[in-house]
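Q:
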Amino acid sequence: MISGSLDTSKGPSPLMKLFPTTGLMLLLLSGCANLNTPETLAQASQPDTSQVKTATTPTEVALSGRSKTANKASLTSAKQLEQLLSAELLLSRGELAAALDVYLPTLAQQKDPEIVERIVELANQLKQYQIAADATKIWLELRPENPAAWVRSALFALQNNDAKTLEQSLGWLVANQPKDKFVILITQIANGNKTAQLLQALQQVTISSQQLPTIQLSQAYLFQSLNQLLIAQQLTDNVLENQPDWINAIKLKVRLLIQAQKTPQAMTFLQQQIEQHPRNFELRLQSAGLYIQQENTAKAAQAFKAILQIDPTNPIALISLSRLKFQGEQIDQAIELLKRIPRTSSEYDQAILMLGSIYEDQGNSEQAISYYLKVEGAQRQIAARMQAVILLRDQKKFKRALQVSQTIRPRSNQQYSRLLLLQSDIYEQQGKRPSALQILDHGLTLRADDIDLLYARAMLVIKQDDLESFETGMRKIIKLRPDYAFALNALGYTLVDKTTRWDEAQELIERALKLAPDEPAILDSMGWLLFKQGNPHAALEFLQKAWDGDQDPEIAAHLGEVLWLLSRQEEAAIIWKKGIETAPEHQILRQTLERYNQ
Numbered sequence: 004m005i006s007g008s009l010d011t012s013k014g015p016s017p018l019m020k021l022f023p024t025t026g027l028m029l030l031l032l033s034g035c036a037n038l039n040t041p042e043t044l045a046q047a048s049q050p051d052t053s054q055v056k057t058a059t060t061p062t063e064v065a066l067s068g069r070s071k072t073a074n075k076a077s078l079t080s081a082k083q084l085e086q087l088l089s090a091e092l093l094l095s096r097g098e099l100a101a102a103l104d105v106y107l108p109t110l111a112q113q114k115d116p117e118i119v120e121r122i123v124e125l126a127n128q129l130k131q132y133q134i135a136a137d138a139t140k141i142w143l144e145l146r147p148e149n150p151a152a153w154v155r156s157a158l159f160a161l162q163n164n165d166a167k168t169l170e171q172s173l174g175w176l177v178a179n180q181p182k183d184k185f186v187i188l189i190t191q192i193a194n195g196n197k198t199a200q201l202l203q204a205l206q207q208v209t210i211s212s213q214q215l216p217t218i219q220l221s222q223a224y225l226f227q228s229l230n231q232l233l234i235a236q237q238l239t240d241n242v243l244e245n246q247p248d249w250i251n252a253i254k255l256k257v258r259l260l261i262q263a264q265k266t267p268q269a270m271t272f273l274q275q276q277i278e279q280h281p282r283n284f285e286l287r288l289q290s291a292g293l294y295i296q297q298e299n300t301a302k303a304a305q306a307f308k309a310i311l312q313i314d315p316t317n318p319i320a321l322i323s324l325s326r327l328k329f330q331g332e333q334i335d336q337a338i339e340l341l342k343r344i345p346r347t348s349s350e351y352d353q354a355i356l357m358l359g360s361i362y363e364d365q366g367n368s369e370q371a372i373s374y375y376l377k378v379e380g381a382q383r384q385i386a387a388r389m390q391a392v393i394l395l396r397d398q399k400k401f402k403r404a405l406q407v408s409q410t411i412r413p414r415s416n417q418q419y420s421r422l423l424l425l426q427s428d429i430y431e432q433q434g435k436r437p438s439a440l441q442i443l444d445h446g447l448t449l450r451a452d453d454i455d456l457l458y459a460r461a462m463l464v465i466k467q468d469d470l471e472s473f474e475t476g477m478r479k480i481i482k483l484r485p486d487y488a489f490a491l492n493a494l495g496y497t498l499v500d501k502t503t504r505w506d507e508a509q510e511l512i513e514r515a516l517k518l519a520p521d522e523p524a525i526l527d528s529m530g531w532l533l534f535k536q537g538n539p540h541a542a543l544e545f546l547q548k549a550w551d552g553d554q555d556p557e558i559a560a561h562l563g564e565v566l567w568l569l570s571r572q573e574e575a576a577i578i579w580k581k582g583i584e585t586a587p588e589h590q591i592l593r594q595t596l597e598r599y600n601q
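Counting in the working numbering, the final residue of the sequence shown is number 601, and the numbers go up one at a time with none missing.
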C-alpha cells in the first residue's frame with residue numbers, strides 16, 4: 004500500500020487550530036495576480052522574498068534614501084555596487100554562504116548601517132560568529148545608540164568567549180534599557196552551556212546602586228535556568244526587599260516556589276500580591292495559569308473574569324476564557340468572547356482565526372471560510388487562507404478555491420511547496436490531471452529537488468500507468484533522502500503490484516520496514532509481497548498487524564483476500580464489510596469483491 008505523501012485533504016485539527024502558535028505561522032504577503040493557467044498560478048505562488056528583512060535590496064537601501072546614512076558614500080565605486088547586486092542575486096537564490104563571501108569585501112568601507120546589519124544577520128545564520136562580531140563592531144561605530152547592535156555584540160562576545168566586549172555590551176544595555184527589557188534581553192542572550200559565563204560577566208559589570216536589583220533579577224533568572232533554585236530565590240528576595248512592587252520579580256518568586264514544589268506557598272504569596280496590586284492583570288493571569296495547571300478551570304475562569312472587570316476588552320483574558328468555554332462545550336459563549344476583541348488589538352487576528360476554527364469544528368464551513376479570509380496580519384494570514392482553500396476545495400468550489408490560493412504569497416519554500424500541492428490536488432479533483440501535473444512540473448523547474456513535489460508528481464503519473472516516470476521520480480527521491488521510508492515503500496509496493504520484479508521490491512520494502520517497522524502501509528506492502536510470492540501464512544501476519552494499525556480499505560482488500568484463500572471466508576467477509584462501509588467507492592476493494600463475487 005502506498006502512503007506518506009503530504010496530505011492536503013485536511014487542514015490542522017480543530018484543536019490544533021484553536022491554539023495557534025506564532026512559531027508555526029509563516030509570514031506572507033497578500034497580493035493578486037491573474038489566474039489564467041496552472042503555470043501562471045504556480046508562478047504567482049512563488050516564495051516572496053522581496054519584503055524579508057534579510058533580503059532588502061542593497062541598491063534600494065543605498066540609493067532610495069530609506070537609510071539615513073544611505074548616500075553616494077555608501078557605494079564608493081561601481082565595483083562595490085556590482086558586488087552588492089551580486090550578493091542580492093545570490094540571496095534571492097538562497098545561496099547564503101556565497102552571498103556572504105561577496106558582501107565581506109565591502110564591509111570595511113561600508114557606511115550604511117542597514118547593509119552592515121544585514122551582513123551581521125547573514126553571518127549569524129551561517130554560524131560565522133567571529134565575522135558577525137567584527138561586523139557588529141562596525142555597526143556600533145555607525146549606530147552607537149542602537150540597542151539591537153549592543154544585544155548582538157553581547158551575543159557574539161559570549162559565543163566567542165570575549166569577556167571584555169561582553170561586559171562592555173552588558174554595561175551599555177543595563178544603563179540604557181528599561182529594567183524589565185534588560186531582564187528579558189539577558190534571558191535571550193543566555194545560551195545553555197554559556198549561562199555560567201554570562202553570570203560571571205554580569206558580576207563584573209560596573210553598575211550604580213539603582214541598577215543592582217536589575218542585575219540581581221537577571222542573575223536569578225539565569226540561576227533558575229540552571230535549576231539552582233536556592234540562589235535564585237535568595238536573589239529574588241533581595242530584589243523584592245528593595246523593590247517590593249516589581250511585578251516580574253513577584254512572578255519569578257511564584258515560579259521558583261512552584262519549581263521547588265511549594266505550590267501552596269506560591270498560591271498564598273500570589274494571592275497576597277494580587278490583593279496589594281488589584282488592578283495588575285499580569286498577576287491575575289499567572290494565577291489563572293496555575294489554576295489551569297491544577298485542572299481547576301472554575302477558579303481559572305474566575306481569574307479571567309476578574310481581569311475583564313478591570314479591562315473588559317483585555318484580549319488575553321478574552322481568548323483564554325474563550326478556550327475554557329470551548330473545552331467545556333459552551334460554544335456560543337466562546338464565540339461571544341472572541342467577538343468582543345477589538346479590531347485594533349494585537350490579538351485580533353488570533354481571535355478571528357479561532358472563530359474560523361470553531362465554526363469549522365461545528366461543521367459551518369461557510370462561516371469558517373468567512374472568518375479565515377478576514378485574517379489580515381501577515382503572521383497568521385497564510386495559515387488562515389490555506390485553510391479557507393482546503394474548505395472551498397472540500398465543498399467542490401474549485402474556481403473560488405484557486406482564486407483564493409492565488410492571493411497567497413508564501414515566504415518559505417515549505418509553504419510554496421504545500422501551496423502547489425494543494426493547487427495541483429484541486430485540478431486533480433476536477434479531473435484535470437494535465438493541469439495538476441503542470442502545476443507540479445512548474446514548481447519542479449524552480450525547485451528540482453523538492454521531495455514533496457516529486458512524490459506528488461510520481462503519485463499522479465502512476466495513476467496513468469506511467470511506471471517509467473513513477474520509478475524515475477521515486478528513485479530520485481530515494482537518492483536525495485535514502486531514509487525516506489514512504490518513498491522506498493511506494494516504489495517497492497508498485498513493483499509488487501505492477502511488475503514481477505519482486506526481488507527488487509523486497510529489498511526496498513525491507514529497507515522501509517527497518518526505518519518504520521510499525522507503519523501500517525509498509526506492513527501491508529510486505530504482506531502483499533509475501534502473498535504474491537506464494538506465502539499466505541507469512542503474509543497474514545503482516546496484513547493483520549497492518550489492519551490493527553489502520554483499517555484502511557486497501558488493507559481490507561489485501562487482508563480479506565489472504566483470509567479467503569486460507570479458507571477463512573467468514574472472517575474475510577467481515578473485513579471486507581468494514582472496508583466497504585468506510586469507503587464504498589474504493590476501487591481496489593471493489594475490484595477485489597468482484598473477483599470473489601462478493
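All C-beta atoms, glycine included, are put in the ideal place defined by N, C-alpha and C.
When the Cβ atoms of the stretch 410 to 420 are set against those of the stretch 451 to 465, are three or more pairs found closer than 8 angstroms?
A: Yes, they touch.
Q: Below 8 angstroms on the Cβ atoms is my guess for A223 versus T239; work out the distance and round it to an integer in Å.
A: Indeed, because the Cβ distance is near 5 angstroms, the residues count as touching under 8 angstroms.
Q: Using 8 angstroms as the threshold, is the C-beta distance between P556 and G582 below it?
A: Yes; because the gap between Cβ atoms is below 8 angstroms, this pair is in contact.
Q: Roughly how many angstroms separate the alpha carbons of R461 and P413, rounded to a whole number?
A: According to the sequence displayed, residue 461 carries Ala and not Arg. Computed Cα separation, rounded: 24 angstroms.
Q: So, for V392: in the same chain, excluding its five sequence neighbours on each side, which residues have a beta-carbon less than 7 angstroms away from its beta-carbon?
A: Cβ neighbours of V392 beyond the five flanking positions: A404, V407, S408, L425.
Q: Which value, in whole angstroms, describes the spacing of the CA atoms of I385 and E431?
A: Taking the straight line from one Cα to the other gives about 23 angstroms.
Q: Does DSSP put P413 in a helix, a strand or coil?
A: DSSP places P413 in strand when its eight states are reduced to three.
Q: Within 10 angstroms of the Cβ of Q312, are there 16 or more other Cβ atoms? Answer buried if so, exposed if not.
A: Exposed, because fewer than 16 other Cβ atoms sit within 10 Å of the Cβ of Q312.
Q: From which residue to which residue does the alpha helix (DSSP H) around S373 run?
A: Where S373 is concerned, the enclosing alpha helix (DSSP H) stretches over 368 to 375.
Q: Counting Cβ pairs closer than 8 angstroms, one from the stretch 505 to 522 and one from the stretch 468 to 475, do we hit at least three?
A: The stretch 505 to 522 vs the stretch 468 to 475: no contact.
Q: Please work out which residues of its chain come closer than 7 angstroms, Cβ to Cβ, to I277, disregarding the five sequence neighbours upstream and downstream, and give them in chain order.
A: Excluding residues within five positions, the ones whose Cβ falls inside 7 angstroms are L286, R287, S290.
Q: Since H589 is in the alpha helix (DSSP H), which residue starts that stretch and which ends it?
A: Looking at the DSSP string, H589 is not in any alpha helix (DSSP H), and its letter there is neither H nor E.
Q: In whole angstroms, what separates the C-alpha of H589 from that of G563?
A: Computed Cα separation, rounded: 14 angstroms.
Q: Which residues in the same chain have their Cβ closer than 8 angstroms to the Cβ of L215, if we skip the five residues on either side of it in sequence?
A: For L215, where only same-chain residues beyond five positions count, the Cβ hits under 8 angstroms are N245.
Q: Given that a residue counts as buried once 16 or more other Cβ atoms are within 10 Å of its Cβ, and exposed if not, what is R100?
A: In the sequence as presented, Arg is not what sits at residue 100; that position holds Ala. With fewer than 16 other Cβ atoms within 10 Å, it is exposed.
Q: With a 10 Å radius around its C-beta and 16 neighbouring C-beta atoms as the bar for buried, classify S211 as buried or exposed.
A: Its Cβ having fewer than 16 others within 10 Å, S211 is exposed.
Q: Under 8 angstroms Cβ to Cβ from F185, same chain only, skipping five residues before and after it: list those, please.
A: Taken in chain order, the residues that qualify are L176, V177, T217, S221.
Q: Just to check my reading of the structure: T198 and L229 have Cβ atoms closer than 8 angstroms, yes? What is that Cβ distance to the nearest angstrom?
A: Going by Cβ atoms, the distance from T198 to L229 rounds to 6 angstroms, so yes, they are a contact pair.
Q: Assign Q274 to one of two classes, buried (16 or more other C-beta atoms within 10 Å of its C-beta) or exposed (fewer than that).
A: Per the 10 Å Cβ criterion, exposed.
Q: Is it buried or exposed, E117, if we count other Cβ atoms within 10 angstroms and call 16 or more buried?
A: Answer is buried; the Cβ neighbour count reaches 16.
Q: If you check the beta carbons only, do K372 and L395 fall under 8 angstroms apart?
A: Checking the sequence, you will find Ile at residue 372 rather than Lys. Yes. Within cutoff.
Q: Would you report the Cα separation of G552 and L526, rounded to the nearest angstrom?
A: For G552 and L526, the distance between alpha carbons rounds to 10 angstroms.
Q: Taking the alpha helix (DSSP H) that V499 belongs to, which residues open and close that run?
A: That run of the alpha helix (DSSP H) goes 488 to 501.
Q: How about S438: is its C-beta nearer than 8 angstroms to some C-beta of chain C?
A: Annotation note: the requested chain C is absent from the structure, which comprises a single protein chain.
Q: So, Q365 versus I334, is the Cβ gap smaller than 8 angstroms?
A: In this structure, I334 lies closer than 8 angstroms to Q365 by Cβ.
Q: Check P247 in the structure and name its three-state DSSP category.
A: DSSP places P247 in coil when its eight states are reduced to three.
Q: By the 10 Å Cβ neighbour count, where 16 or more other Cβ atoms means buried, how is A203 classified, buried or exposed?
A: Sequence inspection shows Gln at residue 203; the Ala mentioned does not correspond to that position. Exposed: under 16 other Cβ atoms inside 10 Å.
Q: Got a sec, what are the start and stop residues for the alpha helix (DSSP H) T316 sits in?
A: Per DSSP, T316 belongs to no alpha helix (DSSP H) and is neither H nor E.
Q: Straight-line CA distance for K302 to P485?
A: Distance between the alpha carbons of K302 and P485: 53 angstroms.
Q: For the stretch 127 to 210, which segments carrying the alpha helix (DSSP H) assignment without a break, of at least 4 residues, lie completely within its bounds, in sequence order?
A: Listed in chain order, the complete alpha helix (DSSP H) runs (minimum 4 residues) inside the stretch 127 to 210 are 132 to 145, 150 to 162, 166 to 179, 182 to 192, 198 to 207.
Q: Reducing DSSP to helix, strand and coil, say where T448 ends up.
A: Reduced to three states, the DSSP call for T448 is helix.
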